[in-house]
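What follows is one structure encoded as structure tokens, with my remarks underneath.
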Amino acid sequence: MTSAAEHLGLDPATPLVIVTADELGFGYASNEGVRRSLDHGAATSAGLMVPAPWARAASAAYRGQDVGVSLTLNAEHDLYRWGPITHAPSLLDGDGGFPRTPADLWDHADVDEVRRELRAQLERAVLWGFDVSHISSHLEAAVMRPEFFDVVLDLALDYSLALRLPNEDVQDDAGFPFRQLALDEGVAIPDRVVVFRGPSAPDVLQAIADLEPGVTELVLRPAVDTDELRAQTTDADERVAHLAALCSGEFADALSARGAHRIAWRDLRALQRSRHDW
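Heads up: the sequence shown runs through residues 26 to 303, numbered per the working numbering.
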């Protein structure tokens, strides 16, 4: 099977890297952090949380960057809340927002309401003017149960979008082969995903040094440092550190030293739509 690198005219041994600045829409601090990461840093793509409070502001500032939709069914923060954009009683917890944990969501969510909600999130992003490049699942909640995964896969197929999925070692927890199911339908997915949690810049640089051939997505959550961010979440230091890492010369130097080639989610979407073997 021809590799993604070969389809892009590169040596098949070249590591391809998507650098995603995630959680666009979370707040002003995240919107600004994502913008800086795309305009002045190493990020190639972003992920938008449509139900989050600052998503509409993100759409007003959209200038054609590579942005996908992070399908959202959870609001995990204790005091900073958001909820469905459709009428979906089964997707609400006791204080009127999305459930805080995937487990709580799975216990109560009605699949039909999930289907309406996720399609509405994607359609709203399109209505706002985003050229949606891919879809993903916030906290992986919408892909770790087969009945919800079917909804996500249908959206990827209906809109011809690439899809982020957890790595193969997570499939044992899910109990079904979601990666192979996506590939069988011709949906483009990265070979591996590295989601960074914690403010350790050396971890990011080590991940770059360890890159393998194929497509790897590196996922960070950049934000500028504001009082509001620190009131919204307990992981503000991590988000601020991610912005610093993405905008540092070290990040770019590490990619160059490894011989990695940065691509965007749009590149995977284009390969999927051209019906190349995947």
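Glycine included, every Cβ here is placed at the ideal spot set by N, Cα and C.
Where residue i falls: helix, strand or coil (DSSP)
{"i": "GLY89", "result": "coil"}
{"i": "SER28", "result": "coil"}
{"i": "ILE233", "result": "helix"}
{"i": "LEU188", "result": "strand"}
{"i": "ASP47", "result": "strand"}
{"i": "HIS286", "result": "strand"}
{"i": "LEU243", "result": "strand"}
{"i": "LEU41", "result": "strand"}
{"i": "ARG217", "result": "strand"}
{"i": "LEU33", "result": "coil"}
{"i": "SER281", "result": "helix"}
{"i": "ALA167", "result": "coil"}
{"i": "GLY274", "result": "helix"}
{"i": "SER295", "result": "Looking at the sequence shown, residue 295 is not Ser but Ala. Three-state result, ALA295: helix."}
{"i": "PRO227", "result": "helix"}
{"i": "ARG300", "result": "coil"}
{"i": "PHE201", "result": "coil"}
{"i": "ALA207", "result": "helix"}
Nearest-angstrom Cα separation, counted from residue j out to residue i
{"i": "TRP290", "j": "ASP103", "result": "32 angstroms"}
{"i": "PHE155", "j": "PRO109", "result": "20 angstroms"}
{"i": "ILE233", "j": "GLU101", "result": "29 angstroms"}
{"i": "GLY284", "j": "GLY200", "result": "36 angstroms"}
{"i": "SER28", "j": "GLY239", "result": "7 angstroms"}
{"i": "GLU148", "j": "VAL94", "result": "10 angstroms"}
{"i": "ALA248", "j": "ALA261", "result": "8 angstroms"}
{"i": "SER273", "j": "ARG106", "result": "32 angstroms"}
{"i": "ASP179", "j": "PHE51", "result": "26 angstroms"}
{"i": "PRO76", "j": "THR97", "result": "7 angstroms"}
{"i": "VAL59", "j": "ALA71", "result": "7 angstroms"}
{"i": "ALA38", "j": "ALA30", "result": "8 angstroms"}
{"i": "ALA181", "j": "GLU172", "result": "15 angstroms"}
{"i": "LEU117", "j": "ASP183", "result": "27 angstroms"}
{"i": "LEU235", "j": "VAL229", "result": "One detail in the question is off: residue 235 reads as Asp in this sequence, not Leu. Their Cα atoms are separated by approximately 10 angstroms."}
{"i": "GLU174", "j": "SER84", "result": "In the sequence on display, residue 174 carries Phe and not Glu. Those two C-alpha atoms are separated by around 27 angstroms."}
{"i": "ARG204", "j": "GLU193", "result": "7 angstroms"}
{"i": "THR111", "j": "VAL139", "result": "10 angstroms"}
{"i": "THR69", "j": "ASN56", "result": "15 angstroms"}
{"i": "MET169", "j": "VAL136", "result": "13 angstroms"}
{"i": "GLY223", "j": "LEU41", "result": "24 angstroms"}
{"i": "ALA270", "j": "ASP278", "result": "12 angstroms"}
{"i": "GLU253", "j": "PRO202", "result": "41 angstroms"}
{"i": "TRP131", "j": "GLY34", "result": "43 angstroms"}
{"i": "TRP153", "j": "LEU63", "result": "19 angstroms"}
{"i": "HIS65", "j": "GLN90", "result": "13 angstroms"}
{"i": "LEU73", "j": "ASP198", "result": "26 angstroms"}
{"i": "ALA86", "j": "PRO227", "result": "32 angstroms"}
{"i": "VAL177", "j": "ALA207", "result": "10 angstroms"}
Supposed close pair residue i, residue j - CB separation, criterion 8 angstroms
{"i": "ASP47", "j": "LEU245", "result": "7 angstroms"}
{"i": "ALA213", "j": "LEU143", "result": "19 angstroms between Cβ atoms; not a contact."}
{"i": "LEU268", "j": "THR45", "result": "Wrong, their Cβ atoms sit about 13 angstroms apart, outside the cutoff."}
{"i": "LEU293", "j": "HIS159", "result": "7 angstroms"}
{"i": "TYR53", "j": "THR251", "result": "7 angstroms"}
{"i": "ALA113", "j": "ARG141", "result": "7 angstroms"}
{"i": "ALA67", "j": "PHE221", "result": "Not quite, the Cβ-Cβ distance comes to about 13 angstroms (not below 8 angstroms), so this is no contact."}
{"i": "VAL218", "j": "ARG189", "result": "6 angstroms"}
Span of the beta strand (DSSP E) around residue i
{"i": "ARG222", "result": "Per DSSP, ARG222 belongs to no beta strand (DSSP E) and is neither H nor E."}
{"i": "SER161", "result": "157–162"}
{"i": "LEU73", "result": "70–73"}
Boundaries (first-last residue) of the alpha helix (DSSP H) holding residue i
{"i": "ASP183", "result": "171–184"}
{"i": "LEU63", "result": "53–65"}
{"i": "GLU253", "result": "252–257"}
{"i": "VAL265", "result": "261–271"}
{"i": "ASP194", "result": "Note, ASP194: premise wrong, no alpha helix (DSSP H); not H, not E."}
Minimum Cβ-Cβ distance from residue i to chain D less than 8 angstroms
{"i": "VAL44", "result": "Judged by its chain identifiers, the structure shown contains no chain D, having just a single protein chain."}
Within the region 79–154, ranges of the beta strand (DSSP E) (whole runs, at least 3 residues):
92–96
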